[in-house]
Amino acid sequence: MAQAGSVLAEIVRETQAEVAARRRAVPLAEVEWRAAEAPPVRGFALALAQHGLAVIAEMKARSPSAGKLAVDYSPADLARKYQAGGAAAVSVLCQGSRFGGSPEHLAEARAATRLPLLRKDFVTDEYQVLEGRAWGADAILLIAAALEPVRLRQLVRLVHSLGMDALVEVHDEAELAAGLDSGTRLIGINHRDLKTLQVDLDLSERLRPLIPGDRGVVAESGIKDAATARRLKEAGVDAVLVGEALLRASDPGALIKELSLK
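If you're matching positions, the sequence shown starts at 1179 in my numbering and goes up one per residue.
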């Protein structure tokens, strides 16, 4: 569970307040109905497996570590650029207070691309999982540091029951153990410590040997160039999730090709 007073704990608390407001506006029963009526899931894990080194291209208006990242933020435009550049999937930041996101951005991105979408958020509630599916998500990020192990397993089961993939994000061996026990098929190694926002690019090389070969592995944060991507691929990583570097790039498509080692 998020350590009290940490950056992660603050973001989780703010996110839960946002979710409570949306739940009052759109009751759970309506979100469940929308999720049941949503278009078919696009295979997120399958898309990652079809690339040598898959690039999950992330969109976000801003972040606590980088500040403002987009002047005219358009999820649809970014989704089209990412698809044209050869991304395997798209990550959509939905957290509002710190990242300028919204669940509605999933629908905007989905209408503009055929790529599978990851709901990137600070998920602690079933409402967020169902809401993600209702707005077009094909996968849900679950942060091990923000969830007790029992709660993590419950949410992974819900994600899978809706036909989506769960990407469980970890930052140390204890979180990795919880992630492996959760039943997920995908583990995300976040180089950024969400408690301090510090980045450790060596983390994937330390944790990857501890992950069974039947799980997909995604490296996250601090990935900006082909040299880093190559190092991660050699460490056994299957995909990289890249946001800030793409959002700051003059040609996101060219950077996607570079990062996918094509």
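Beta carbons are placed, not taken as given, at the ideal position from N, Cα and C, and that holds for glycine. Because the structure is a prediction, the values reported are computed rather than measured.
Helix, strand or coil at residue i according to DSSP, with G and I counted as helix
i	result
D1359	helix
R1202	helix
K1440	coil
Unbroken beta strand (DSSP E) run spanning residue i, endpoints
i	result
G1263	Here G1263 belongs to no beta strand (DSSP E); instead the alpha helix (DSSP H) covers P1253 to G1263.
E1398	G1394 to E1398
K1402	Looking at the DSSP string, K1402 is not in any beta strand (DSSP E), and its letter there is neither H nor E.
V1418	A1417 to V1420
A1317	A1317 to I1321
Distance between residue j and residue i (C-alpha atoms, nearest Å)
i	j	result
E1351	L1325	15 Å
V1346	E1236	16 Å
V1185	L1419	21 Å
A1266	R1191	32 Å
Y1251	R1426	12 Å
A1262	G1230	17 Å
V1337	L1320	10 Å
L1386	G1361	Here the sequence assigns Arg to residue 1386, which means Leu is not the residue at that position. Taking the straight line from one Cα to the other gives about 17 Å.
Q1442	R1408	The question about residue 1442 has no answer here: the residues shown for the chain are numbered 1179 through 1440.
A1232	R1202	38 Å
G1391	L1340	25 Å
R1331	T1302	12 Å
R1220	P1430	23 Å
L1271	G1245	14 Å
N-terminal and C-terminal residue of the alpha helix (DSSP H) that residue i is part of
i	result
G1310	E1304 to W1313
Whole-Å CB distance - residue i paired with residue j, under 8 Å assumed
i	j	result
S1314	R1288	First, the residue type needs correcting, since residue 1314 is Gly and not Ser in the sequence shown. About 4 Å; that satisfies the 8 Å criterion.
T1193	Q1273	6 Å
I1318	M1342	6 Å
A1223	A1312	The pair is not a contact, with the Cβ atoms about 21 Å apart (cut-off 8 Å).
D1299	Q1306	6 Å
| said: Just to confirm the assignment: which complete alpha helix (DSSP H) runs, minimum length 4, are found wholly within the segment 1323-1396? | reply: 1327-1339, 1351-1359 and 1381-1385
| task | Scan the segment 1220-1294 and note each continuous beta strand (DSSP E) run of 3 residues or more that stays entirely inside, going in chain order. | result | 1232-1237 and 1267-1271
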